[in-house]
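Position one of the sequence shown corresponds to residue 9 (the numbering used here), numbered consecutively onward. The structure appears below as structure tokens.
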Amino acid sequence: MGLAATSSLLLFPWHGNQRRRQALEHPAQERLRILASAETSLDAFLLLDAQRDESGAITDLRVSFSNRHAAGLLDGFDGELTGHTLLDVGPQILASGFFDQLCRVVNTGEPLLGEAEVRDPRVQATWLRYQVVRLGDGLAMTLGNISEMKASEQRYKELGEFTESIFESAPFSIFATDPDGMITAMNRAAEELCGYNRTDLVGKAPLTLLHDRKELAVRAREQKLRTDPSLEGFDVLTAKAMQGGLDEQEWTLLRAGGMRVPIHLAVRALKRESGDVTGFVGIAFDVTEHRAMMEYVTHLATHDQLTGLVGRAVLQDRIRQAVERARRYGTKVALFVLDLDHFKRINDSLGHWAGDQVLLETAARLRLAVRSSDTVARMGGDEFVLMLEDLTNLHDVEHCAHNVMKRLAPEMSIDQHQMHVTASIGVCVYPDIGSDVQHLLKWADAAMYSAKENGRNQFQMFRSEMLKNSEDRLALERGLRHAIDNDELVLHYQPHVSLSTGAVIGMEALVRWMHPELGLLMPVHFIALAEETGLILPLGEWAVQRACREGKQLCDELGLDLTLSVNLSPQQFQQKDLTETIERAIRESGLPPQRLEVEITENTLMVNSAATLEKLQRLRELGVRIAIDDFGTGFCNFKYLLDYQVDRLKIDQQFVRQAAIDPNAAAVVRSIIAMSHGLNIRVVAEGVETEEQFRFLVRKRCDEAQGYFISRPIPAGDFAAAVRACGAVAALRSA
Ligand code: C2E
Ligand code: MG
Ligand code: MG
């Protein structure tokens with residue numbers, strides 16, 4: 009047999025068993041018993057007798073007994089080994105040195121135990137375990153077939169090496185921890201990722217050393233986790249993994265040296281069959297590049313490729329955010345939808361390359377026309393949208409629109425061609441006109457079409473009549489009908505003050521619509537529509553009644569005799585029972601009639617004058633006052649004012665705004681005041697926004713003022729508090 013002897017001696021089970029050893033060395037009565045039990049052994053068992061030469065040296069060992077398994081182990085001996093010598097069976101035993109070892113056992117009595125790999129094809133095993141003891145002048149040898157055990161040992165070894173090589177050469181970082189988070193293993197990629205050697209961390213540091221404690225605390229709060237302070241956040245990292253499955257999240261890893269790296273970390277709990285957690289394995293990789301790539305892809309998807317401007321989705325998002333901010337801070341957001349005039353002609357005559365250059369130049373000019381915090385978007389084709397934030401009044405909006413037109417005005421030089429590129433701009437303003445993203449954009453669009461129809465190269469502010477018979481208009485009309493019956497209308501009150509005393513002497517009722525979807529809508533949005541559809545009649549009636557009732561309550565609450573001004577539309581004067589309606593409102597509310605003032609426009613006086621005169625006459629008889637609103641914008645002459653015995657003139661906002669800076673406007677204001685005083689008519693300045701305007705009006709002996717500088721229009725519930733705050737203005741007056 010070809011046995012490669014091994015030097016490893018395992019503990020021999022018979023070693024030290026004195027009785028058994030003696031029995032084997034003196035075999036006489038034991039022999040039969042041994043042979044009988046040997047026959048049933050699962051190992052191969054052989055008895056060998058020493059063959060000696062004349063000098064007594066052992067030359068070979070002859071098999072005197074072999075059990076069933078011994079014969080089965082070796083091919084070619086027909087199941088019978090007895091009588092054969094060892095060197096017959098396997099001459100190579102001499103060369104392997106195993107024969108010498110066997111001789112030593114016979115000579116010294118020292119047993120031999122070992123394992124050997126077998127390379128002889130005749131042997132039905134690849135590995136054998138041998139146990140050899142001396143028996144008389146020979147040996148008893150047991151051979152166990154351990155081929156299977158060795159093969160599976162080998163498989164385990166290979167598997168271990170395979171796993172180890174994957175662990176080591178994996179392109180992602182692997183960390184293993186014990187159940188409390190102490191790092192128990194990490195691979196090379198993990199060392200590179202975190203900048204520490206494994207000798208610094210394994211068995212010495214918790215995995216949380218590599219984590220941002222604040223981030224762990226924030227996640228714990230977000231996920232409403234109850235944490236164990238002694239684990240320093242490790243339970244936050246493993247919370248989901250503990251419930252089974254893989255927990256994948258992005259975290260910030262703190263490298264040695266403090267650098268922060270965004271990582272994707274997948275954590276799994278290692279569990280025994282009993283369910284006890286023996287540790288955790290985390291696989292991590294750096295997502296810096298992935299993030300940069302995602303940002304790039306997102307940029308590609310959300311920005312216009314040609315101009316680099318943002319696209320529709322981003323714009324809508326920004327509008328939403330801007331509207332939210334404006335709501336909070338009481339500012340305005342303006343949307344300009346801008347479409348180049350006759351752009352198709354440029355494309356058709358000079359080609360698409362030239363067209364692209366025009367779009368690029370336009371984009372650059374638009375960016376320069378607004379603040380860097382504003383948004384310039386391209387909606388496709390030659391349509392752009394500008395979103396301007398932080399505006400305080402509509403005048404600013406107009407100023408910006410002029411500015412944009414001025415920027416676009418200079419000639420563009422494209423491919424040796426000089427060209428004038430103009431644009432039509434539609435403007436919609438939050439909250440004055442619309443209050444949600446879809447409508448702001450749609451209505452700015454409608455205004456842009458109106459600018460085109462009006463001759464291009466201009467801007468138009470949205471007005472509801474621009475909607476024509478569109479869906480929106482119909483929906484709005486339906487909504488308004490419904491609003492009057494369903495208490496969706498409210499009145500806000502704007503105080504006006506005496507410029508000689510600074511005291512609040514009156515208030516104007518201004519209607520607003522609490523639209524269930526669009527939010528608070530301003531009159532500019534629905535009064536024209538109400539007038540066109542006749543809804544102004546029920547609306548006007550409602551406003552008079554509500555104003556009288558609330559106005560009376562406010563006067564009582566403040567203990568002041570304030571004048572209550574209510575706006576009347578020209579159409580209301582065509583209504584037969586207008587005066588009855590007003591009479592009833594006065595009666596039912598208990599407001600003294602001389603405290604009520606109706607505001608009419610110059611147009612009301614011009615249209616249908618006989619009937620109007622009659623109604624105004626009747627109102628005067630009741631004691632109601634009459635004011636002309638927005639004076640200076642219509643075509644009224646002073647004769648009418650005399651005929652109708654007007655009590656007040658309200659100078660339109662635009663003169664007030666200009667007067668402090670423009671000498672012509674100042675002259676208009678001065679002469680209105682002088683003439684009114686000559687006719688014994690009091691003058692109110694509307695839209696006073698600044699201290700400068702306020703002081704100018706005081707100097708010009710204007711009687712009264714109304715405007716944001718004093719107070720914005722406010723809900724009835726807040727009015728008393730606002731009137732008390734107006735004391736500040738009174739102080740300014742007396743200063
Ligand atoms: P109006 O009667 O000339 O009212 C003054 C408008 O100027 C109000 O706009 C008011 O909020 C605004 N205003 C006041 N102070 C300032 C200021 O300092 N700066 C600026 N930029 N604006 C100021 P509102 O409330 O949007 O009303 C607009 C118009 O709608 C009113 O102009 C009035 O003609 C009409 N309106 C309002 N309520 C009613 C109503 O109940 N019936 C009728 N028929 N028309 C109404
Ligand atoms: Mg008014
Ligand atoms: Mg007005």
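Glycine residues also receive a C-beta, built at the ideal position from the N, C-alpha and C atoms.
Through-space distance from A483 to V731, alpha-carbon basis: 38 angstroms
Residues bridged to N575 (per DSSP): E607
C-alpha distance - L566 paired with P600, whole-angstrom precision: 16 angstroms
Rounded straight-line distance, which links the Cα of R333 to that of D444: 13 angstroms
Sub-8 angstroms separation of G122 and Y138 beta-carbons: yes
Integer Cβ distance of R628 from Q653, believed to fall under 8 angstroms: 6 angstroms
Between the CA atoms of H428 and E558 - distance to the nearest angstrom: 56 angstroms
beta-carbon D655 near ligand 1 non-hydrogen atom, thresh 7 angstroms: no
Rounded straight-line distance, which links the Cα of E540 to that of S530: Here residue 530 turns out to be Met, not Ser, going by the sequence shown. Approximately 17 angstroms between the Cα atoms of the pair.
Test item: CB-CB of H3 and S49 under 8 angstroms: Here the chain has residues from 9 to 743 only, and residue 3 is not among them.
Close beta carbons around E240, own chain, < 6 angstroms, minus the five adjacent residues each side: T216
Distance cut 7 angstroms, beta-carbon to ligand 2 heavy atom: residue list by chain order: E516, S573, N575, E607, D637, K658
Buried versus exposed, by CB contacts within 10 Å (16 or more), M267: exposed
Cut-off 6 angstroms between Cβ atoms - residues of its own chain near Y716, not counting five sequence neighbours on either side: E697
Separation of F107 from T3, as counted between CA atoms: Shown here, the chain extends from 9 to 743; a query on residue 3 therefore has no answer.
Through-space distance from S506 to C563, alpha-carbon basis: 17 angstroms
Cutoff 6 angstroms; reference D398; Cβ partners in own chain excluding five residues on either side: T339
Beta-bridge pairing of A693 - partner residues as DSSP gives them: I659, A713
Beta-carbon gap between H272 and A292 smaller than 8 angstroms: yes
Those residues which DSSP pairs with Y438 across a bridge: V341
Contact belief for F351 with Y501 at Cβ below 8 angstroms, rounded distance in angstroms: Not a contact, Cβ separation roughly 48 angstroms.
Assigned exposure category for L416 - 16 Cβ within 10 Å defines buried: buried
M469 (DSSP reduced to helix, strand or coil): strand
Contact set for S15: own chain, Cβ-Cβ below 6 angstroms, skip 5 residues either direction: Summary for S15: the model assigns pLDDT 31, below 50, so the residue's position carries little reliability; its value from the coordinates is reported in the next sentence. There are no such residues.
CA-to-CA distance, P503 to A729, given in whole angstroms: 11 angstroms
As assigned by DSSP and simplified to three states, the class of F392: strand
Counted within 10 angstroms of its Cβ, other Cβ atoms place S173 as buried (16 or more) or exposed: exposed
Cβ contact (3+ pairs, closer than 8 angstroms) linking the region 188–195 and the region 214–233: yes
Uninterrupted beta strand (DSSP E) stretches inside the region 527–592 (no shorter than 3 residues): 527–529, 571–575
Beta bridge counterpart(s) of M427 as assigned by DSSP: M420
Of the listed residues R373, D390, A372, F344, nearest to H360 (C-alpha basis): D390
Closest Cα partner of L54 within the set E62, V71, L278, D61: V71
Cβ-heavy atom distance, G567 to ligand 1, below 7 angstroms: no
Stretch-stretch touch, CB-based, cutoff 8 angstroms, three pairs: the region 313–320 with the region 278–289: no
For R127 and A13, the rounded distance between their alpha carbons: Low confidence applies here, because A13 scores a pLDDT of 38, under 50, leaving its location unreliable; read the following figure in that light. Near 12 angstroms, if we compare the C-alpha coordinates of R127 and A13.
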